[in-house]
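Visitor: Got a structure here, written out as structure tokens. Questions coming.
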Amino acid sequence: MATTTTLRVGVVQFAPKIGKVQANIAKARELCKGLTPRCVDLLCFPEMIFAGYVFPDAASISPYLEHPRTGPTSTFCAELARRLECYVTAGFPEHSEHDSNSSAAPLPLPLPLPATTAPPTSTPTSSPHNHTGPIGFNSAVLYSPTGEPLTLYRKSNLFETDLSWAAPGSGFTVLDLPPPLGKTTIAICNDLNVHNSAVWNSLEDGPYELARHCVREGTRLLVLLNAWLKARNEDDEGGDEGEAKRTEEGEDNGDDDVELEPNWETLNWWAQRLRPTWAHHHPTIAEKEKEEQRTEHQINESSTEPKDLVVVACNRFGDEGGKTFVGSSAMLMMRRGSGRPRLLHAMGEREEGVGIWTVPVRL
Numbered sequence: 001m002a003t004t005t006t007l008r009v010g011v012v013q014f015a016p017k018i019g020k021v022q023a024n025i026a027k028a029r030e031l032c033k034g035l036t037p038r039c040v041d042l043l044c045f046p047e048m049i050f051a052g053y054v055f056p057d058a059a060s061i062s063p064y065l066e067h068p069r070t071g072p073t074s075t076f077c078a079e080l081a082r083r084l085e086c087y088v089t090a091g092f093p094e095h096s097e098h099d100s101n102s103s104a105a106p107l108p109l110p111l112p113l114p115a116t117t118a119p120p121t122s123t124p125t126s127s128p129h130n131h132t133g134p135i136g137f138n139s140a141v142l143y144s145p146t147g148e149p150l151t152l153y154r155k156s157n158l159f160e161t162d163l164s165w166a167a168p169g170s171g172f173t174v175l176d177l178p179p180p181l182g183k184t185t186i187a188i189c190n191d192l193n194v195h196n197s198a199v200w201n202s203l204e205d206g207p208y209e210l211a212r213h214c215v216r217e218g219t220r221l222l223v224l225l226n227a228w229l230k231a232r233n234e235d236d237e238g239g240d241e242g243e244a245k246r247t248e249e250g251e252d253n254g255d256d257d258v259e260l261e262p263n264w265e266t267l268n269w270w271a272q273r274l275r276p277t278w279a280h281h282h283p284t285i286a287e288k289e290k291e292e293q294r295t296e297h298q299i300n301e302s303s304t305e306p307k308d309l310v311v312v313a314c315n316r317f318g319d320e321g322g323k324t325f326v327g328s329s330a331m332l333m334m335r336r337g338s339g340r341p342r343l344l345h346a347m348g349e350r351e352e353g354v355g356i357w358t359v360p361v362r363l
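Residue numbering for the sequence shown is 1 to 363, as defined by full-length UniProt numbering.
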């Protein structure tokens with residue numbers, strides 16, 4: 001019989017102000033000041049949470065690009081990880097060395113210090129230059145409970161806002177972390193959608209790039225760091241950033257019910273884009289024949305394989321550049337072949353705070 005333990009995850013949801021890096025960090029500190037050491041195993045912050053997201057071009061985001069080890073996001077994450085003795089992950093705009101091939105190679109760990117001291121990235125310090133081609137990456141960093149950098153992930157499937165300045169990463173990865181986290185995949189927002197070069201074929205076939213990666217690699221925890229936009233109406237295919245048109249209206253009212261209620265269309269979209277992790281599987285003839293040829297030992301081994309995937313989507317809310325972010329951070333449980341996803345916890349569309357969620361997981 002499988003042994004179970006409890007996974008505790010914290011998600012920080014608020015509305016950052018674009019370009020106000022230090023003010024946004026101060027807001028995050030204020031929200032997290034009540035957290036005590038070891039109260040969570042993992043604490044998550046959304047995509048580009050301290051810089052903001054809707055930068056119109058490379059010149060406008062250039063002053064806010066960060067080094068992945070010494071920038072304000074990493075400095076904050078390292079400090080918080082040490083104080084809380086937990087893993088901390090957050091998204092940030094990464095400065096590149098203008099190497100067009102740099103997205104193909106993984107970064108060494110521990111992350112190297114920059115060759116020269118960069119100017120502070122919290123405010124612009126000079127007039128931006130005209131840039132041609134990508135000048136950075138839309139990235140996420142993960143810090144250990146001792147404040148050490150563990151990995152740097154670069155967004156693979158860029159949204160239209162990213163294309164003006166960022167290069168894509170080299171693809172999805174999986175980290176083998178100590179229990180209760182286990183095999184963990186970190187992804188960023190539009191990674192959940194169909195890649196730009198792909199075409200949506202069907203509900204059955206997708207493609208579902210991120211979901212199939214999780215199934216193939218045996219991912220137990222999928223962390224999505226989002227800056228997910230609100231769809232204009234229910235006919236939109238909601239997506240961070242999907243292909244649908246997005247709202248250009250601000251927060252239309254201060255209704256408390258709306259603030260505390262999650263956006264159900266968004267939650268449904270996230271679940272649908274992870275369909276292979278929970279949908280019934282109808283084997284092909286070839287798969288049936290292969291199954292019949294398996295030995296009893298192979299069957300017994302496969303029956304004990306973990307098939308549960310915990311999904312944590314950490315999103316922001318607020319308005320930038322005529323875009324509205326939908327909040328609704330959530331935790332879901334996906335069990336392969338169960339036929340339905342399970343929503344365990346969710347925050348409201350404009351709910352500010354730290355959600356502390358627990359879920360039993362098998363070791």
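All C-beta atoms, glycine included, are put in the ideal place defined by N, C-alpha and C. Keep in mind it's a predicted model, so treat the numbers as computed, not measured.
(1) Please return the same chain residues whose Cβ sits closer than 7 Å to the Cβ of E209, not counting the five positions on each side in sequence.
(2) Quick one: measure Cβ to Cβ for L142 and T185, integer angstroms, because I've assumed they're closer than 8 Å.
(3) So for W269, helix, strand or coil by DSSP?
(4) From the DSSP secondary-structure annotation, give me the bridge partner or partners of M331.
(5) Just the Cα atoms here: how many angstroms apart are P145 and P37?
(6) What did DSSP end up calling E160 once you bin it into helix, strand or coil?
(7) Alpha carbons only, please: which of V326, T277 and V174 is nearest the one belonging to E261?
(8) Could you check if K33 is buried or exposed, using at least 16 other CB atoms within 10 Å of its CB as the buried criterion?
(9) When the Cα atoms are used, what is the spatial distance from G322 to K17?
(10) Using the three-state DSSP reduction, which class does R8 fall into: helix, strand or coil?
(11) Using the three-state DSSP reduction, which class does D57 fall into: helix, strand or coil?
(12) Considering only the beta carbon of each residue, do G147 and A81 sit closer than 8 Å?
(13) Could you pull out every residue in the same chain whose Cβ sits closer than 6 Å to the Cβ of S127, ignoring the five residues on either side in sequence?
(14) So A58 and T73 are supposed to be a Cβ contact under 8 Å. How far apart are they, rounded?
(15) Quick one: is T277 buried, meaning 16 or more other Cβ sit within 10 Å of its Cβ, or exposed?
(16) DSSP three-state call for V215: helix, strand or coil?
(17) Reducing DSSP to helix, strand and coil, say where K20 ends up.
(18) Report the three-state DSSP secondary structure of F76 (helix, strand or coil).
(19) Residue range of the beta strand (DSSP E) that I188 falls in?
(20) Just mark R340 as buried or exposed, buried being the case when its beta carbon has 16 or more other beta carbons within 10 Å.
(21) Where do the ends of the beta strand (DSSP E) carrying T324 lie?
(22) So which of I25, E97, C189 and V12 has the shortest CA-CA distance to L42?
(23) Under 6 Å Cβ to Cβ from L343, same chain only, skipping five residues before and after it: list those, please.
(24) Does the Cβ of A23 have 16 or more other Cβ atoms within 10 Å, making it buried, or fewer, making it exposed?
(25) Please state whether DSSP places C32 in a helix, a strand or coil.
(26) For Y87, name the three-state secondary structure that DSSP assigns.
(27) To which residues does DSSP link H280 through a beta bridge?
(28) Please state whether DSSP places A15 in a helix, a strand or coil.
Guide: On the basis of the coordinates in this document:
(1) Taking the first residue of the sequence shown as position 1, residue 209 is located at position 209. Closer than 7 Å at Cβ, skipping near neighbours: H195.
(2) Counting from one through the sequence shown, the residue named residue 142 turns up at place 142. Counting from one through the sequence shown, the residue named residue 185 turns up at place 185. No, L142 and T185 are not in contact; Cβ-Cβ is about 11 Å, not under 8 Å.
(3) By 1-based counting over the sequence shown, the position of residue 269 is 269. The DSSP-derived three-state label of W269 is helix.
(4) By one-based count along the sequence shown, residue 331 stands at place 331. According to DSSP, M331 bridges with V312 and H345.
(5) Here residue 145 refers to the residue found at position 145 when the sequence shown is read from its first residue. Here residue 37 refers to the residue found at position 37 when the sequence shown is read from its first residue. When rounded, the distance between both Cα atoms is 10 Å.
(6) On the sequence shown, position 160 is the one that residue 160 refers to. Helix, per DSSP.
(7) The count along the sequence shown starts at 1 and reaches residue 261 at position 261. When C-alpha distances from E261 are compared across V326, T277 and V174, the shortest belongs to V326.
(8) Position 33 of the sequence shown, counting from 1, holds the residue named residue 33. K33 comes out exposed.
(9) Your numbering for residue 322 matches position 322 in the sequence shown. Your numbering for residue 17 matches position 17 in the sequence shown. When rounded, the distance between both Cα atoms is 13 Å.
(10) Residue numbering aside, residue 8 sits at position 8 when the sequence shown is read from its first letter. Under the three-state reduction of DSSP, R8 is assigned to strand.
(11) As a working note, residue 57 is residue 57 in the sequence shown. In the structure shown, D57 sits in coil (DSSP, three-state: anything other than H, G, I, E or B).
(12) Walking along the sequence shown from the start, residue 147 turns up at place 147. Walking along the sequence shown from the start, residue 81 turns up at place 81. Taking 8 Å as the Cβ cut-off, G147 and A81 qualify as a contacting pair.
(13) The residue labelled residue 127 in the question sits at position 127 within the sequence shown. Low per-residue confidence applies at S127: pLDDT is 37, beneath 50, and the placement is therefore not dependable enough to give any value.
(14) Here residue 58 refers to the residue found at position 58 of the sequence shown. Here residue 73 refers to the residue found at position 73 of the sequence shown. Not quite, the Cβ-Cβ distance comes to about 19 Å (not below 8 Å), so this is no contact.
(15) Mapped onto the sequence shown, residue 277 falls at position 277. Counting the other Cβ atoms within 10 Å of the Cβ of T277 gives 16 or more, which makes it buried.
(16) On the sequence shown, residue 215 is found 215 positions in, with the first residue counted as 1. Helix.
(17) The residue you call residue 20 lines up with position 20 of the sequence shown. In the three-state reduction of the DSSP assignment, K20 falls in the coil class.
(18) Taking the sequence shown and counting its residues from 1, one reaches residue 76 at position 76. The DSSP-derived three-state label of F76 is helix.
(19) As a first step, residue 188 is located in the sequence shown; it is residue number 188 there, counting from the start. Judged by DSSP secondary structure, I188 falls within the beta strand (DSSP E) whose first and last residues are G182 to I188.
(20) Taking the sequence shown and counting its residues from 1, one reaches residue 340 at position 340. By the 16-neighbour rule on beta-carbons within 10 angstroms, R340 is exposed.
(21) As a first step, residue 324 is located in the sequence shown; it is residue number 324 there, counting from the start. For T324, the uninterrupted beta strand (DSSP E) segment begins and ends at K323 to V326.
(22) Your numbering for residue 42 matches position 42 in the sequence shown. Per the Cα distances, V12.
(23) Mapped onto the sequence shown, residue 343 falls at position 343. When the five nearest sequence neighbours on each side are left out, the beta carbons in the same chain lying within less than 6 Å of the beta carbon of L343 are those of L332, in order along the chain.
(24) Against the sequence shown, residue 23 aligns to sequence position 23. In this structure A23 is exposed. Its beta-carbon is surrounded by fewer than 16 other beta-carbon atoms within 10 angstroms.
(25) Residue numbering aside, residue 32 sits at position 32 when the sequence shown is read from its first letter. In the three-state scheme derived from DSSP, where H, G and I count as helix and E and B as strand, C32 is classed as helix.
(26) Here residue 87 corresponds to residue number 87 of the sequence shown, with the count starting at 1. Three-state DSSP puts Y87 in a strand.
(27) Counting from one through the sequence shown, the residue named residue 280 turns up at place 280. DSSP output for H280 lists no bridge partner at all.
(28) Numbered from 1 along the sequence shown, position 15 holds the residue referred to as residue 15. In the structure shown, A15 sits in coil (DSSP, three-state: anything other than H, G, I, E or B).
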